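In the numbering used here, the protein residues as written are 544 to 965.
All C-beta atoms in this analysis are idealised placements derived from N, C-alpha and C, irrespective of residue type, glycine included.
None of these values were measured; they are calculated from a predicted model.
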RNA sequence: GGAGGGGUGGCAGAGUGGUCGAUUGCGUCUGAUUCGAAAUCAGAUGUACCGCAAGGUACCGGGGGUUCGAAUCCCUUCCCCUCCGCCA
């Protein structure tokens with residue numbers, strides 16, 4: 544949610560920001576709804592004030608007295624009017640809230656102008672992907688033993704498409720990756736949390752999945768719970784409607800969870816194997832920071848994610864997402880893309896974003912400055928990292944001619960061996 | 001799943017229709033006292049919205065209702081506790 548005062552007082556600034564994002568929003572309707580709401584509030588509150596004063600008088604009168612009776616009669620109609628005005632207020636507030644939810648966050652000034660993902664800027668590259676080209680290179684799904692190691696067909700039988708089984712050493716490798724990501728995050732100062740995988744509607748709304756992306760989440764309708772599309776949802780909501788001590792900032796947490804995404808309508812040409820799944824594993828990094836620090840903290844967050852790929856020795860590049868491709872709630876966003884040498888494509892494995900106060904406002908997460916009123920924190924999050932595509936890159940980049948995959952040094956402590964083969 | 005009890009300010013815990021945004025205790029902050037501290041004493045101490053301001057309004061888990069008036073009565077929903085049942 545955008546600051547209503549910012550919208551009211553710096554409408555042009557907001558309008559320009561939204562235009563940069565290429566979102567179509569009727570800001571005038573939002574402003575009008577705000578106007579209507581405030582008018583209704585004033586009307587209701589003055590009527591209520593009168594009523595309260597009269598009730599105070601009545602409280603002091605003897606119950607059966609004629610003056611009491613007279614006042615009672617008089618207040619009966621006033622009461623009806625107050626009720627009506629109150630209803631108007633709640634209706635106006637509902638409208639205002641609904642249209643308010645359609646207003647996206649404004650992009651930071653450092654976000655490059657652009658329309659689509661083609662306009663994203665490569666701001667860094669690491670490693671030399673050209674060195675990986677070898678005779679053995681092939682997409683991971685074409686590796687001879689792939690179907691044995693990651694069993695999509697059994698997954699289809701048991702659940703449906705996009706819910707594979709990882710078998711034997713492949714399952715062990717998945718576990719090693721989770722362990723590696725979590726240990727690295729812990730070392731970087733993120734406190735680990737093990738979170739609920741189902742959340743209620745209030746939580747999904749606070750982080751912005753509802754109402755916009757309802758169709759992308761699995762919904763357990765009997766109990767009205769949503770299966771999390773990312774750990775961001777439960778982890779961020781940990782502090783929902785709370786006031787954090789300023790001294791506790793920046794607050795850093797990490798969590799491993801499976802993620803569930805319906806991915807309705809997003810299957811295209813390049814979606815095969817591990818590139819897109821309905822259930823996948825991910826470690827998420829989340830920060831709650833002082834507003835003055837959030838853009839500096841974004842750089843640190845990006846660094847924390849990058850280091851994970853470096854230690855795995857996987858070439859990657861960093862994209863600064865352009866204004867037209869950035870998310871609804873985001874102020875600034877970097878994507879990390881790993882090189883998959885078999886597919887010869889860059890695969891997104893992390894998205895690091897600063898939401899400024901947009902998410903905190905929705906979620907009611909504030910901090911108390913030394914002397915003064917509570918203020919909204921800034922929230923950030925980033926994957927650290929998503930598993931399947933990292934796994935794909937390892938399989939493709941480290942594949943030897945004899946079908947053996949060399950396991951990166953950093954994982955061996957948990958994987959327990961140097962190679963993978965079926 | 002069944003039966004019962006309960007959700008009040010940072011915490012504890014009063015309040016069963018009006019003068020209650022709410023007694024009191026603890027905690028926290030400020031001041032006095034002290035060389036300093038402890039103890040003691042005095043005062044302060046929720047959040048949001050509307051308003052230039054004075055001030056006003058809302059909030060006693062959430063939503064709805066009764067009433068001139070609701071923390072208090074009714075309905076509904078969520079959560080917690082106790083007991084019984086079932087089960088990993």
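Considering only DSSP beta bridges, list what residue 909 is partnered with. Stepping through the first chain from its first residue, residue 909 is reached at position 366. DSSP lists 786, 919 as partners of residue 909.
Determine, using beta-carbon pairs with one atom in the segment 917–929 and one in the segment 884–899, whether at least three such pairs fall under 8 Å. yes
Applying the criterion that 16 or more other CB atoms from any shown protein chain within 10 Å of the CB defines a buried residue, is residue 746 buried or exposed? As a working mapping, residue 746 is identified with position 203 in the first chain. Its Cβ being crowded by 16 or more others within 10 Å, residue 746 is buried.
At what residues does the beta strand (DSSP E) containing residue 847 begin and finish? Locating residue 847 in the first chain gives position 304, where the first residue counts as 1. Careful: residue 847 lies outside any beta strand (DSSP E), inside the alpha helix (DSSP H) at 837–854.
According to DSSP, is residue 667 helix, strand or coil? Position 124 of the first chain, counted from the start, is the residue given in the question as residue 667. Strand at residue 667.
Where residue 570 sits in the DSSP three-state scheme: Stepping through the first chain from its first residue, residue 570 is reached at position 27. DSSP places residue 570 in helix when its eight states are reduced to three.
Is DSSP giving residue 656 helix, strand or coil here? To locate residue 656, count along the first chain from 1; it is residue 113. Here residue 656 sits in coil by DSSP.
Cα-Cα separation between residue 583 and residue 632, rounded to whole angstroms: Position 40 of the first chain holds residue 583. Position 89 of the first chain holds residue 632. Distance between the alpha carbons of residue 583 and residue 632: 5 Å.
Beta-carbon separation of residue 931 and residue 820 under 8 Å? Numbered from 1 along the first chain, position 388 holds the residue referred to as residue 931. Numbered from 1 along the first chain, position 277 holds the residue referred to as residue 820. Yes. Within cutoff.
If I follow the unbroken beta strand (DSSP E) through residue 779, where does it start and stop? Taking the first chain and counting its residues from 1, one reaches residue 779 at position 236. Residue 779 -> not in any beta strand (DSSP E); alpha helix (DSSP H) instead, spanning 775–780.
Check whether the segment 772–787 and the segment 747–760 are in contact - that is, three or more C-beta pairs closer than 8 Å. At 8 Å Cβ cutoff, the stretches touch.
With DSSP collapsed to three states, give me the class of residue 761. Your numbering for residue 761 matches position 218 in the first chain. Three-state result, residue 761: coil.
Does the count of Cβ pairs from the segment 620–631 and the segment 643–650 closer than 8 Å reach three? Too few Cβ pairs lie closer than 8 Å, so no.
Answer yes if the segment 722–740 comes into contact with the segment 793–805, meaning at least three C-beta pairs across the two stretches below 8 Å, and no otherwise. Contact holds: three or more Cβ-Cβ distances are below 8 Å.
Could you say if the segment 840–854 and the segment 862–869 meet the contact criterion of at least three C-beta pairs nearer than 8 Å? no
Could you compute how far the alpha carbon of residue 591 sits from the alpha carbon of residue 600? By 1-based counting over the first chain, the position of residue 591 is 48. By 1-based counting over the first chain, the position of residue 600 is 57. Cα to Cα, residue 591 sits roughly 14 Å from residue 600.
Residues of its chain near residue 893, where Cβ-Cβ distance is below 6 Å and the 5 sequence neighbours each way are ignored: Residue 893 sits at position 350 when you count from the first residue of the first chain. If we look at residue 893 and ignore the five residues flanking it on each side, its Cβ neighbours are 848, 879, 925, 926, 928.
Here's a check: name, in chain order, each residue in its chain whose Cβ is nearer than 7 Å to the Cβ of residue 807, leaving out the five neighbours to either side. Here the question's residue 807 lines up with position 264 in the first chain. For residue 807, where only same-chain residues beyond five positions count, the Cβ hits under 7 Å are 758, 759.
If you follow the alpha helix (DSSP H) that residue 829 is in, where does it begin and where does it stop? Translated into the one-based positions of the first chain, residue 829 becomes position 286. Residue 829: not part of any alpha helix (DSSP H); member of the beta strand (DSSP E) spanning 822–832, first to last residue.
Use the C-beta contact count for residue 548: other C-beta atoms within 10 angstroms, 16 or more gives buried, fewer gives exposed. Sequence index remark: in the first chain, residue 548 carries index 5 (1-based). Result: exposed.
Among residues of its own chain, excluding the 5 on either side of residue 815, which ones have a beta-carbon nearer than 6 Å to its beta-carbon? Locating residue 815 in the first chain gives position 272, counting from the first residue. If we look at residue 815 and ignore the five residues flanking it on each side, its Cβ neighbours are 684.
Would you check if the distance between the CB atom of residue 949 and the CB atom of residue 939 is smaller than 8 Å? Position 406 of the first chain, counted from the start, is the residue given in the question as residue 949. Position 396 of the first chain, counted from the start, is the residue given in the question as residue 939. Note that the C-beta distance between residue 949 and residue 939 is not below 8 Å.
Between which residues of its own chain and residue 947 is the CB-CB distance below 8 Å, once the five residues before and five after are set aside? Stepping through the first chain from its first residue, residue 947 is reached at position 404. Cβ within range, chain order: 962, 963, 964.
Could you give the first and the last residue of the continuous alpha helix (DSSP H) run that contains residue 859? Within the first chain, numbered from 1, the residue matching residue 859 stands at position 316. Here residue 859 belongs to no alpha helix (DSSP H); instead the beta strand (DSSP E) covers 859–863.
Counting C-beta neighbours from all protein chains within 10 Å, is the total for residue 813 16 or more, i.e. buried, or is it exposed? One-based indexing of the first chain puts residue 813 at position 270. Exposed: under 16 other Cβ atoms inside 10 Å.
Residues in the same chain with beta-carbon distance under 7 Å from residue 890, minus the five sequence neighbours each way, listed in chain order, please. To locate residue 890, count along the first chain from 1; it is residue 347. Closer than 7 Å at Cβ, skipping near neighbours: 818, 880, 881, 883, 932, 935, 936.
Whole-number beta carbon distance between residue 594 and residue 621, since they are thought to touch under 8 Å: Stepping through the first chain from its first residue, residue 621 is reached at position 78. Stepping through the first chain from its first residue, residue 594 is reached at position 51. Contact flag correct, Cβ pair sits at about 6 Å.
Using the DSSP secondary-structure output, state which residues sit across from residue 770 in a beta bridge. Residue mapping note: residue 770 aligns to position 227 of the first chain, counting from 1. Residue pairing by DSSP places residue 770 opposite 741 in a beta bridge.
On the DSSP letters alone, give me the boundaries of the alpha helix (DSSP H) that residue 897 sits inside. Within the first chain, numbered from 1, the residue matching residue 897 stands at position 354. Taken as a continuous stretch (DSSP letters only), residue 897 belongs to no alpha helix (DSSP H), being part of the beta strand (DSSP E) at 888–897.
Note down the Cα distance separating residue 951 from residue 804, rounded to an integer number of angstroms. Within the first chain, the letter at position 408 stands for residue 951. Within the first chain, the letter at position 261 stands for residue 804. Roughly 29 Å separates the two Cα atoms.
Candidates 767, 560, 915, 869, of which the one nearest residue 786 by Cα: Within the first chain, numbered from 1, the residue matching residue 786 stands at position 243. When each option's Cα is compared against that of residue 786, the closest is 915.
Quick check: residue 716 and residue 958, are their CB atoms within less than 8 Å of each other? Taking the first residue of the first chain as 1, we reach residue 716 at position 173. Taking the first residue of the first chain as 1, we reach residue 958 at position 415. Yes, the pair counts as a contact, with Cβ atoms nearer than the cut-off.
Status (buried if at least 16 other CB within 10 Å, exposed otherwise) for residue 742: By 1-based counting over the first chain, the position of residue 742 is 199. Its Cβ being crowded by 16 or more others within 10 Å, residue 742 is buried.
Under the rule that 16 or more other beta-carbon atoms within 10 Å means buried, what is residue 616, buried or exposed? Counting from 1 along the first chain, the entry for residue 616 is found at position 73. Exposed, since its Cβ has fewer than 16 Cβ neighbours within 10 Å.
Opposing strand residues paired with residue 733 [DSSP bridges]: Here the question's residue 733 lines up with position 190 in the first chain. Answer is none; residue 733 lacks a bridge partner.
Outcome for residue 650 when other beta-carbon atoms lying within 10 angstroms are tallied against a minimum of 16: Position 107 of the first chain, counted from the start, is the residue given in the question as residue 650. Residue environment: residue 650 is assigned as buried (16 or more neighbouring CB atoms within 10 Å of its CB, all protein chains considered).
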